[in-house]
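Heads up: the protein sequence lines correspond to chains G and B, in order. Taken in order, the first sequence gives residues 862 to 1090; the numbers are from this note's numbering. Taken in order, the second sequence gives residues 862 to 1090; the numbers are from this note's numbering. Scroll down for the structure; my scribbles are underneath it.
There are 2 protein chains.
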Amino acid sequence: MKLHVSPDTFPPRGHEAKRLSIVDSAAAVFCREGFAGANIDLIAAEAGVSRQTIYNHHGDKEKLFVAVVRDLTERCNAGIFATIATFPDQPKDLEADLIGFAVRLNQNCICNRDGKFLRKLIQTEGERYPELFAEWREQGPGRTWPAIAARFARLAYGGYLTIEDPDVAARQFLGLVNAELQTTFMLGGSPREDEVVQSATNGVRTFLRAFGKRRSVTSAEKQSALANA
Amino acid sequence: MKLHVSPDTFPPRGHEAKRLSIVDSAAAVFCREGFAGANIDLIAAEAGVSRQTIYNHHGDKEKLFVAVVRDLTERCNAGIFATIATFPDQPKDLEADLIGFAVRLNQNCICNRDGKFLRKLIQTEGERYPELFAEWREQGPGRTWPAIAARFARLAYGGYLTIEDPDVAARQFLGLVNAELQTTFMLGGSPREDEVVQSATNGVRTFLRAFGKRRSVTSAEKQSALANA
DNA sequence: ACAAATTTAGACACTCTTGTCTAATTCGTC
DNA sequence: GACGAATTAGACAAGAGTGTCTAAATTTGT
């Protein structure tokens, strides 16, 4: 006979599926309408459950909101660390590899559904839940930025780059590769793939002009060659 | 005798003062609480007027919101163009002058009350009023970015910089000098003055590593000297 | 000080939303 | 097929907010 100790939560399976569906819909509605404007009936309708089920799972609107932010932070962090793992530690073509990394970071972590939602919730409700977003700050930028900085430090140590402060370089890298997407981000939109690639390409090229080894022949060749594009 | 043609609007003077006060308070409350969460009674209380006066001036909540965004856009644009006018066209110390410009831009246009409010309103309600924020996009980034790009183009023409695409350079300049303020911006906070200066300094330094004339003796001296700071 | 316009406080109807409750129904498991 | 747990639909009370209205009080210009 099968013991029902299957997952880690006591209630059966369909339960978790509904929980997920609720959190997903809630994320979308909270983003669209803001916390105050979000309507529990609408969330229920979009999740395909009854309103009462939401109250059974989460208690009240505020607890639901907290659960949404926690979930999003967790999933986004997982995505970011998975992407950081693809950082080019021993690049064959430094420029192309960094562009690839930047594009992956954008597509998988910042422009995808979860990233977009989390960003907007932080922007709109961050001041209302200081402790919740302090937690995000520690778990998010507080852990991912140093991780990226460490990768750049390794590249510098390997002789691929000339960097004084890896933390500054990491933040500037992110600022550069997203430089052309700011307006789109502001309005809550998702940039098209070619816009992401374009911004990353321009950003990485400038980054390497600042931090790349100047004497590298390939990089010099590449730069003059690409200047015509 | 004095003709009452004084300003450009028919009603007396105190009228305009109240209008301003209402719009200011409304901006603050809309930002804090979001459109749906904003309470007209609260706006009235903060503005020191009665609720009815708000309805007399603006009709309803939505019209009030539109008026707020229009006002903020106008004031911010004015500030940005005033600051762009201080761009160093013939710099004595390129690095210091660009840092000064970046700091002014941040302090006067982005981190001040109006800039902070406008940014947040765009982020939170941008999707709800597409035409209103399309207008902002045209009047804001659509006009200020090219203006900044033109200044950089002039610097390049004057031999101070090596730039292929001034538009790209301008956007990257903004991305770089704000690279370290992103998290603060996200949470709706205002960075301290020293943070603004720090971010601008690091950003401009990297910008000049990428686009500055390498042969310039002063800039080379400065860079090595500042590396110790 | 007078007259017109504006502002105010308060009451009001109306709508919308949250969160609770109940009884009926469905689902998963044995 | 039967049992128990979970889900559902709907009604419901309580509260909050918008926008209107009125009569009184205040400001403004002359």
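For glycine and all other residues, C-beta sits at the position ideal for the given N, C-alpha and C.
A distance of 8 Å or more separates the beta carbons of MET1047(B) and GLY1019(G). Cβ neighbours of ASN969(G) within its own chain (closer than 6 Å, five residues either side excluded): GLY940 and THR944. For a Cβ distance threshold of 8 Å, nothing in chain B lies close to GLY940(G): the least Cβ distance comes to about 18 Å.
A distance below 7 Å between beta-carbons, with the five flanking residues on each side excluded, links GLY909(B) to the following residues of its chain, in chain order: SER882. Your pair ILE915(B) and ALA928(B) does not check out as a contact, with CB atoms roughly 11 Å apart and the cut at 8 Å. Contact between GLN1033(G) and LEU1037(B) holds: CB atoms are separated by about 6 Å, below the 8 Å threshold. ALA1011(B) and GLN1000(B) have their C-alpha atoms roughly 17 Å apart. Counting along the chain, GLU986(B) sits inside the alpha helix (DSSP H) bounded by residues 974-986.
For LEU1022(B), the pairing in a beta bridge is given by DSSP as GLY1073(B).
The straight-line gap separating the alpha-carbon atoms of ASN938(G) and PHE978(G) is approximately 13 Å. Looking from the CA of ARG1004(B), the closest CA among ASP1026(B), PHE1072(B) and THR934(B) belongs to THR934(B). At a beta-carbon threshold of 9 Å, none of the residues of chain B lie near VAL927(G); the nearest stands roughly 17 Å away. GLU988(G) has a beta carbon lying within less than 8 Å of a beta carbon in chain B. The beta-carbon of VAL1065(G) is placed no less than 8 Å from the nearest beta-carbon of chain B. For secondary structure counted as the alpha helix (DSSP H) over 4 or more consecutive residues, the segment 993-1070 of chain B holds these complete runs in sequence order: 1002-1018, 1027-1038 and 1043-1047. At a beta-carbon threshold of 8 Å, the residues of chain G lying near PHE896(B) are GLY895 and GLY898, ordered along the chain.
Nearest Cα to ASN973(G) within the set ARG989(G), PHE896(G), GLY898(G) and VAL1057(G): VAL1057(G). Rounded to the nearest whole angstrom, the CA to CA distance from VAL1065(B) to GLU956(B) is 7 Å.
Secondary structure of ASP885(B) (DSSP, three-state): helix. Using a Cβ distance threshold of 8 Å, VAL890(B) and LEU993(B) do not count as a contacting pair. If you draw a straight line from the Cα of ARG936(B) to the Cα of ASN900(G), it comes to about 34 Å. By the 16-neighbour rule on beta-carbons within 10 angstroms, PHE948(B) is buried. For PRO1002(B), at least one C-beta of chain G is nearer than 8 Å to its own C-beta. Between THR1062(G) and ASN967(G), the alpha-carbon positions lie close to 12 Å from each other. Counting other Cβ atoms within 10 Å of its Cβ, ALA946(G) stays below 16 and is therefore classed as exposed.
Closer than 9 Å at the C-beta level to chain B, one finds these residues of the segment 1035-1049 of chain G: LEU1035, GLY1036, LEU1037, VAL1038, ASN1039, ALA1040, GLU1041, GLN1043, THR1044, PHE1046, MET1047, LEU1048 and GLY1049. A buried status is given to ALA887(B), since no fewer than 16 other beta-carbon atoms sit within 10 Å of its beta-carbon.
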